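Peer 1: Residue numbers (my numbering): 31 to 1289.
Ideal placement from N, C-alpha and C gives every residue a C-beta, glycine not left out.
Since we're looking at a predicted model, the values are computed, not measured.
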């Protein structure tokens, strides 16, 4: 079985017996204070983060360039960047930034520049190059010989009416062009002539790294993975010059399953890491474009490194030769692409997916459906599509399901009840559509592990061939095979009851946890015939499993039930992936409601149900909600500050007065004015120097800063220190006369609100604005939004939605009451729509977007709405004293609508180095003012009146941390937020008394040292990696002191703030789960630092736990009994009592075994519950549980639940382990898991709980 929790290679396997092996993959197993064992599961490159760094052939291969080097085994060849040009493209141009080799961004490794480069552009099919340019200090073949630090394009202008297909740009620094050894740093973008369309660009092998002039770099590209159960990441020479390696690299799949590449390569060496593509046997759908994020290490000099991704069956490590187009050894990797001025992101690419689902677990458990989808999310048709698949023996074919395939026809298929090959000629799949084939199969034994499709590495694997959106033939390769087998060990239904009320049977059930639950069907048995009838008419009772995984309480009014008799009911859970699970049957005696009984009210209406998420009752001290997110620890705030942290929440021009700086840095105002006059203040953001502008007489300074887009924080941070700074340069605005006629530009406005968390899909941004579904409460939603300067004319609306059910989705779109389109797609995937908005629809001021989900019979569609953009012609007029705008040509512009003549105009093409536009003409217009200037070419600009210049959200002085100093020492490392530092030091002192070297480090210190002061859990990971690799005494233990929550920014109203120490989340096919073990300086399959979390929220809670810990250690009894506990056997998930007896029991010394194992008996579930409480109160040294679990319980029946914890009185607190699901899911907002409650907030319970945060599979 493949790992059900993650596709990562990193996984923990418990070998419990030599011949009988139980294998459980457990997410985020938390053991308080000791261990956490998780299941591991720009336009085109136009920004400095995506610059490419190639070395001349004379540079030693050990410098990092394996392609260009003509020595040491290097390939001595050119780099290829492939450009996708669809049919009908009117033109395109290739722009190169800093194409020369010399000056600014490049490095001369021999002391002076001696290197040249040749750029060659080829049409599809090869032949002679269409364009060629050669560059050294200057260039020939570009539209200007001076190519230093600016965009240039090939001489000869745009390529008009280009041949559709895949063009090739060769960048050659091999010995055929140069024997030099310098570094050539350049940027690349391919655009339409008007600059509004970016063309996709990809590569197979690339070179990049840190730059001496730009550090650090956060490089984001997009791997295109279309085949296999795994792939390989191959990197070369990722070390820092001078030794060590603190680079970081991670690869996330399309659905967000994230893999950290660790370790990375050593000097002059290759490194390979295998990455799983699919993490569940019943699904092979995580194909398409993923994301690779690379932060190269740097040490004041450039650091060049090479890498690529190999396909499943290809050779790894050093490539034997350069990769050619459509080779089968390496995956394509795409550069970011944008549209017009929209920032670069992932392009759209077709992909193939498949999964298998049980049809009806209640009536026909042997029958399954295999679904194959060919998804075309691009703006162009793919044609000639053929999909081949296999029904392998002993599986037999049951024919295509009614209505399938949706496109084309089956040209080859086995006979019914036979095995054999399938061939589906899908033909043309239009832009934005999905072709679907669904066919039935029968398996001999649904509980046995059975492969139901061809194996990925064989010729019989499911695969597709088609002509892609450029008309070029493409093959996906073979998909990962599908298997059926044992179920997951999660518990859902914890209670089912019913009473006679409201003229019918009022039914109520509780869920202990939900993962991916769309909703429930409820069925009642006919006592005469034994047949089951569905009560909720094909429409789901909506579930809580997408946003409230802690579960809740459901009620349903069965108006047709005959009261006064015993009735039998059962529930069928439907997941977003299409899986169904059966619960019950439950016998209910429908008598009058006993006195004192309470159930939720429900009416005899069109929606005869209620659904309420659980919010558990907590002690008053556990309900406190401090939200001091910017509190600094004493280590950072004591003494005279070294610098100033500046909080930024909005994009714009900011002013900081000399008086504010003086107060924060404990300087006099005169000293600050002097620093400003001498340009001796340095501003940095995310490691990059920022240019600033002195205010008159040095009374302050201005700077431009951008808001941050992060799920972890709302605060971008600018760091100010004394020292050499960078002052804005200026350009001449030309003092032109104003333009009398009204001018317009194309404005792009983005609208997004984060209101609903969706935790069952591994996506980077799991917050959404709204939900649309088939239930009456969610069929329509309105989103008001403002627009200013509406000039009339056609506009464009871009919407981003996400399907969360394996069904057809239909959403009708209206703007201001005018229907402008209908969106149609299917499945669990994103849908990005571009809709034309007719002239006259948009209004000045208030507008309304309305999304309507029509009623689809038996559809069960479930859609989340993320955001939208409006692109419209806008008048060049300031709104509230400010205007961001883009001008595409060199022209005179006039901006109206100013209330003051005191204005600033900045060119913000490089937001960290804005340029002040001087010599601007100002005149009176319509009771106000207008400003005019000459643009000097294409550019982005900001105009802002002095009266509306922004002020920072907050200011904090800080002392420079010393965490990245190798002389540091710690055996036992504690990481805590500022508000928990006092009690954390007491715990550190206690551990130091036992001989350990301890160190308490605040989160704020970590963020300053390893993420430029910005909150991000990746900084904790980088810190622990650094400490483990470089400290004089490296940490062996890491205690995370504080609770966690997926709600890092405190977005949920009325929910307790649990966000103290952020968790690292891991993406799995079942969603996101905390995996603290990833903080443990991972190397290969295992952490090098033992990680645990103490999930407290106050100093008082931490001190109470410390008292509990000291009492446990002082009275430790090493021969207390070991108690084995198990759920009852489950035909799908496993025989838990047998596994506990046969696998675990022999591993425990007989003298330590409790006299009686506690195994749940379905006939008397209360006995196991009572026996466990007695055993705990009698004293146990270790308790192990094996079986189903929920967030608040062991087993559906509740062998132990959160409600039992307050009544526990055991003075001997055992270590508890639970081989189960979600028992330690500590990162839910406002919800405490059973594991947390047993350890924190009670003197009894357990001293530590080692259990999963996510789902597990017993196999």
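Looking at the strands, I want to know which residues DSSP matches up with residue 221.
Peer 2: 123 and 228
Peer 1: Going by DSSP, what residues sit across from residue 971 in a beta bridge?
Peer 2: 915 and 937
Peer 1: Using 8 angstroms for Cβ pairs, my map puts residue 933 next to residue 884. What's the rounded Cβ distance?
Peer 2: That belief does not hold up - the Cβ atoms of residue 933 and residue 884 are roughly 50 angstroms apart, past 8 angstroms.
Peer 1: Taking just the CA atoms, how far does residue 672 sit from residue 988?
Peer 2: 6 angstroms
Peer 1: Whole-angstrom Cβ separation of residue 197 and residue 147, contact assumed at under 8 angstroms?
Peer 2: Actually they are not in contact, since the Cβ atoms of residue 197 and residue 147 sit about 19 angstroms apart, beyond 8 angstroms.
Peer 1: Mind reading off the beta-carbon distance from residue 4 to residue 570? Whole number of angstroms is fine, and I expect it under 8 angstroms.
Peer 2: There is no way to answer for residue 4, as the model of the chain reaches only from 31 to 1289.
Peer 1: Using beta-carbon positions only, say whether residue 385 and residue 261 come within less than 8 angstroms of one another.
Peer 2: no
Peer 1: Between the beta-carbon of residue 965 and the beta-carbon of residue 890, is there less than 8 angstroms?
Peer 2: no
Peer 1: Determine the burial state of residue 1290: buried for a count of at least 16 other Cβ atoms within 10 Å of its Cβ, exposed for fewer.
Peer 2: Residue 1290 lies beyond the stretch modelled for the chain, which goes from 31 to 1289, so this question has no answer here.
Peer 1: How many angstroms separate the CA atom of residue 1108 from the CA atom of residue 789?
Peer 2: Cα-Cα distance, rounded: 19 angstroms.
Peer 1: Quick one: Cα of residue 999 to Cα of residue 941, how far?
Peer 2: Rounded to the nearest angstrom, the two C-alpha atoms are 40 angstroms apart.
Peer 1: With DSSP as the reference, label residue 605 as helix, strand or coil.
Peer 2: strand
Peer 1: Measuring CA to CA, which of 307, 1061 and 930 is closest to residue 5?
Peer 2: The structure shown does not extend to residue 5, since the chain is modelled only from 31 through 1289, so no value can be given for it.
Peer 1: Mind checking whether residue 1283 and residue 1103 have CB atoms under 8 angstroms apart?
Peer 2: yes
Peer 1: Taking buried to mean at least 16 other C-beta atoms within 10 Å of its own C-beta, is residue 1270 buried or exposed?
Peer 2: buried
Peer 1: Compare the C-alpha of residue 567 against each of 546, 584, 526 and 589 and name the closest.
Peer 2: 589
Peer 1: With DSSP as the reference, label residue 425 as helix, strand or coil.
Peer 2: Reduced to three states, the DSSP call for residue 425 is coil.
Peer 1: Whose CA, out of 252, 1034 and 238, lies closest to the CA of residue 268?
Peer 2: 238
Peer 1: Run through DSSP, which three-state label would residue 1142 get?
Peer 2: helix
Peer 1: Per the DSSP calculation, residue 1266 is bridged to which residue(s)?
Peer 2: Residue 1266 pairs with nothing; no bridge assigned.
Peer 1: Tell me the DSSP secondary structure of residue 886 in three-state form.
Peer 2: coil
Peer 1: In terms of alpha-carbon separation, which member of 1111, 387 and 256 lies closest to residue 311?
Peer 2: Of the residues 1111, 387 and 256, the one whose Cα lies closest to the Cα of residue 311 is 387.
Peer 1: Taking the straight line between their C-alpha atoms, what separation do you get for residue 1242 and residue 1212?
Peer 2: 10 angstroms
Peer 1: On the DSSP bridge assignment, give the partners of residue 202 in chain order.
Peer 2: 148
Peer 1: So the beta strand (DSSP E) residue 762 belongs to, where does it begin and stop?
Peer 2: 760 to 762
Peer 1: Grab me the residues of residue 151's own chain with a C-beta within less than 7 angstroms of its C-beta, minus the 5 sequence neighbours each way, in chain order.
Peer 2: 124, 159, 160, 161, 184, 197 and 199
Peer 1: Going by beta carbon distance, what residues of the same chain come within less than 6 angstroms of residue 111, once the five residues before and after it are set aside?
Peer 2: 199, 231 and 233
Peer 1: With 8 angstroms as the threshold, decide whether the Cβ of residue 1230 is near any Cβ in chain C.
Peer 2: Judged by its chain identifiers, the structure shown contains no chain C, having just a single protein chain.
Peer 1: Mind checking which residues open and close the beta strand (DSSP E) that includes residue 1089?
Peer 2: Per DSSP, residue 1089 belongs to no beta strand (DSSP E) and is neither H nor E.
Peer 1: Check whether the stretch 1043 to 1052 touches the stretch 1148 to 1168, counting contact only when three or more Cβ pairs, one atom from each stretch, lie closer than 8 angstroms.
Peer 2: no
Peer 1: Below 8 angstroms CB to CB, which residues in the same chain sit around residue 948 once its five sequence neighbours on both sides are set aside?
Peer 2: 760, 761, 762 and 763
Peer 1: By the three-class DSSP mapping on this structure, what secondary structure does residue 948 have?
Peer 2: strand
Peer 1: Considering just the uninterrupted stretch of the alpha helix (DSSP H) at residue 690, what are its terminal residues?
Peer 2: 688 to 695
Peer 1: Taking residue 1229 as the reference, give the member of 1260, 1190 and 795 with the closest Cα.
Peer 2: Cα-wise, what sits closest to residue 1229 is 1190.
Peer 1: With distances taken Cα to Cα, identify the nearest neighbour of residue 1218 among 1162, 723, 225 and 1204.
Peer 2: 1162
Peer 1: Can you give me the C-alpha to C-alpha distance between residue 901 and residue 774, rounded to a whole angstrom?
Peer 2: 13 angstroms
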